[in-house]
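Enquirer: Protein chains in written order, with my numbering: chain A, 1 to 268; chain B, 1001 to 1275.
Glycine included, C-beta positions come from ideal geometry on N, C-alpha and C.
Model, not experiment: these values are computed from the prediction.
My questions will all concern the structure given below.
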Ligand code: SF4
Ligand code: SF4
Ligand code: SF4
Ligand code: SF4
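So this is what it looks like as structure tokens:
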């Protein structure tokens, strides 16, 4: 009898262990998937000085101190609506752009390192103590939809150009002759991505119904040429040639190739 | 009247602190007060130093990011305060979810919904598994796993910065506590409560029981949100340890003065209270 009971409790114990392990596995799978999904968002604009998005969602402790520091109510904390990882700061320039405060109050208060003052270090020493330079912010980059921009239709509009705090540098107006009328000019806004901070003042100012100029995260809006193209007309770029490791072409005679029967039928 | 106040003296004190803190944090965003900026994940105090949630700091560390020193020291300050002095008192004196779950418990008692604990087979130990699972997931997924779903900071941020749809998580907790498991969230699931239970084991402030004075009236059992910690009541004198939240409900309802706030002398600390 006692042995019977013993066996029963042992069976109960095993059952409980398996049930526990099962629940733990299930919970872990559901929770893990949710966390994976909630961890980052592709298209979101972060405050100035934010580190790369993939690190940002790890680093940001979701305190909102940056949000409270912003005098323009530019920054918002994401709720569960999925605009950004919950509790992390972001902004939507069409509502309220970043006004590029010269003292950048939002960055140095961040306790976590998600907003990194060294990204905005005034001189290039990278020292935190050196004054912050908001022009070094790279929150995103403005992109023009030429189909929707009335300036590209030939209608005079330089709203974005005038709104830009780096007018004439981040956005320039390119003059072109309007062949259709024969007597007017196009004044087309062109964004220069090396200088554009992604503040979104242009997007805020754009006159079209849905902004024809808008800020996108840099990871999304920028391309990359790759190492193998070199600007032959650019002295500095030419220098890169010298640093490239010479890749020696493998020399082998036709007999060698034929005799290397093991690799004869290799595709590469 | 006097009696009613005295029977709720800690309750009133706790609510004052809980709501007062909400107001201080809220005022920072609404009216630009500079007393405490931020939320319960991290706070900037008097524009002078930082406090941070040690559980969030730990998760972030496991997720593979080295926080800057402000957050790390902030976490150490808070952890030291609770670990050395205040035990698990975050739960009953600070946490805003406590307002929700206490309300659910009150309603549950009033409407005499089932008293049966352990319905659905949830054990009070579940929270330690949730805590461990959250830490493991933080390392595996590479993001502070509890923070992406944390209803405590969601509620706190909701009050300060606006809820959006975040109130649904809070409603879920309320309904869970009301209809599914008594003291369901705080007593069975919440990993932050579990975290402070573990770290608060050696804290100075504890409730002390004097069994000579105890008449076994059972009033303390009726109000305690973590009844299992009262297992010494009437049996032997000593300190209430383990998952006790230092809410003081038992102290204020005890008419025999058999329970009071006291300083732990660490005798028999090895004897396990039910957590
Ligand atoms: S730079 Fe100024 S306007 Fe822009 S996000 Fe920071 S505080 Fe707000
Ligand atoms: S201050 Fe830093 S940690 Fe806090 S919400 Fe802003 S970015 Fe995140
Ligand atoms: S986002 Fe627009 S306004 Fe801001 S710097 Fe770039 S081009 Fe100028
Ligand atoms: S158990 Fe969790 S939710 Fe409940 S009071 Fe404690 S920290 Fe807050």
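Which complete alpha helix (DSSP H) runs does the region 179 to 212 of chain A hold, if anything under 4 residues is left out?
Expert: 201 to 205
Enquirer: Quick one: what does DSSP say residue 215/A is sitting in, helix, strand or coil?
Expert: strand
Enquirer: Residue 115/A and residue 135/A look like a contact to me (Cβ under 8 Å); what is the Cβ gap, rounded to whole Å?
Expert: Rounded, the Cβ-Cβ distance is 16 Å, inconsistent with contact.
Enquirer: Please confirm whether any heavy atom of ligand 3 lies closer than 7 Å to the CB of residue 171/A.
Expert: yes
Enquirer: What I want to know is whether the C-beta of residue 152/A ends up closer than 7 Å to one or more non-hydrogen atoms of ligand 1.
Expert: no
Enquirer: So, does the CB of residue 159/A fall closer than 8 Å to a CB anywhere in chain B?
Expert: no
Enquirer: Starting from the C-beta of residue 72/A, find all residues in its chain whose C-beta is less than 7 Å away, skip the five residues before and the five after it, and write them out in chain order.
Expert: 96 and 99
Enquirer: Can you name the residues of chain A whose CB is closer than 8 Å to the CB of residue 1140/B?
Expert: 32
Enquirer: Report whether the distance from the Cβ of residue 1181/B to the nearest heavy atom of ligand 2 is below 7 Å.
Expert: no
Enquirer: Residue 1165/B: buried (16+ other C-beta within 10 angstroms of its C-beta) or exposed?
Expert: With fewer than 16 Cβ atoms within 10 Å of its Cβ, residue 1165/B is classed as exposed.
Enquirer: Should residue 271/A be listed as close to ligand 1, given that the test is whether its C-beta is under 7 Å from any heavy atom?
Expert: Past the edges of chain A, shown from 1 to 268, lies residue 271/A, and the structure says nothing about it.
Enquirer: Among 1054/B, 1081/B and 1063/B, whose alpha-carbon lies nearest the alpha-carbon of residue 1070/B?
Expert: Looking only at 1054/B, 1081/B and 1063/B, the smallest Cα-Cα distance to residue 1070/B is reached by 1054/B.
Enquirer: So who's on the other strand from residue 177/A, going by DSSP bridges?
Expert: 185/A
Enquirer: Measuring only the C-alpha atoms, how far is residue 25/A from residue 87/A?
Expert: 27 Å
Enquirer: Pick out whichever of 156/A, 42/A, 121/A and 208/A has its Cα sitting closest to the Cα of residue 175/A.
Expert: 156/A
Enquirer: Interface residues of chain A around residue 1083/B at Cβ under 7 Å?
Expert: What residue 1083/B touches in chain A: nothing, since even the nearest Cβ is about 20 Å away.
Enquirer: Going along the chain, which residues of the region 72 to 98 of chain A sit with their C-beta nearer than 7 Å to a C-beta in chain B?
Expert: 77, 79, 80, 81, 85, 86 and 87
Enquirer: Helix, strand or coil, according to DSSP, for residue 314/A in the structure here?
Expert: Summary: the structure shown does not reach residue 314/A, with chain A confined to residues 1 through 268, and so no result is reported for it.
Enquirer: Report the neighbours of residue 41/A on chain B: residues whose CB is nearer than 7 Å to its CB, in chain order.
Expert: Those within 7 Å of residue 41/A in chain B number zero; the least Cβ separation is about 12 Å.
Enquirer: Measure the C-alpha to C-alpha separation of residue 236/A and residue 243/A and round it to an integer number of angstroms.
Expert: 12 Å
Enquirer: Under 7 Å from any heavy atom of ligand 2, does the C-beta of residue 138/A make it?
Expert: no
Enquirer: At a Cβ threshold of 8 Å, is residue 228/A touching chain B?
Expert: no
Enquirer: What residue from 1044/B, 1135/B, 1132/B and 1139/B has the CA that sits closest to residue 111/A's CA?
Expert: 1044/B
Enquirer: By how many angstroms is the C-alpha of residue 215/A removed from the C-alpha of residue 121/A?
Expert: 23 Å
Enquirer: Give a yes or no on contact between the region 1060 to 1068 of chain B and the region 1129 to 1145 of chain B, applying the rule of three or more CB pairs nearer than 8 Å.
Expert: Because the criterion of three Cβ pairs below 8 Å is met, the region 1060 to 1068 of chain B and the region 1129 to 1145 of chain B touch.
Enquirer: Quick one: measure Cβ to Cβ for residue 1097/B and residue 1151/B, integer angstroms, because I've assumed they're closer than 8 Å.
Expert: 6 Å
Enquirer: Straight-line CA distance for residue 1209/B to residue 37/A?
Expert: 48 Å
Enquirer: Tell me which residues share the same chain as residue 1104/B and place their Cβ nearer than 7 Å to its Cβ, disregarding the 5 neighbours each side in the sequence.
Expert: 1174, 1177 and 1178
Enquirer: Would you verify that the beta carbon of residue 1171/B is, or is not, closer than 8 Å to some beta carbon of chain C?
Expert: Absence of chain C from the displayed structure is noted, the protein chains being A and B.
Enquirer: So does the region 7 to 19 of chain A actually touch the region 1124 to 1141 of chain B, counting three or more Cβ pairs closer than 8 Å?
Expert: no
Enquirer: Given that residue 15/A touches chain B, what residues does it touch there, using C-beta distances under 7 Å?
Expert: By Cβ distance, chain B contributes nothing, its closest Cβ being about 11 Å from residue 15/A, past 7 Å.
Enquirer: Would residue 1170/B and residue 1192/B be called neighbours here (beta carbons separated by less than 8 Å)?
Expert: Not a contact, by the Cβ cut-off of 8 Å.
Enquirer: Taking C-beta pairs closer than 7 Å, name the residues in chain B that residue 62/A reaches, listed in chain order.
Expert: The contacting residues are 1041, 1147 and 1153.
Enquirer: Just the Cα atoms here: how many angstroms apart are residue 145/A and residue 213/A?
Expert: The alpha-carbon atoms of residue 145/A and residue 213/A are separated by roughly 6 Å.
Enquirer: Can you pull the chain B residues whose beta carbon is under 9 Å from the beta carbon of residue 38/A, in chain order?
Expert: Ordered by position in chain B, the residues that pass the 9 Å Cβ test against residue 38/A are 1143, 1148 and 1149.
Enquirer: Starting from the N-terminal side, write out each stretch of the alpha helix (DSSP H) that is 4 residues or longer and does not extend beyond the region 1040 to 1070 of chain B.
Expert: 1054 to 1062
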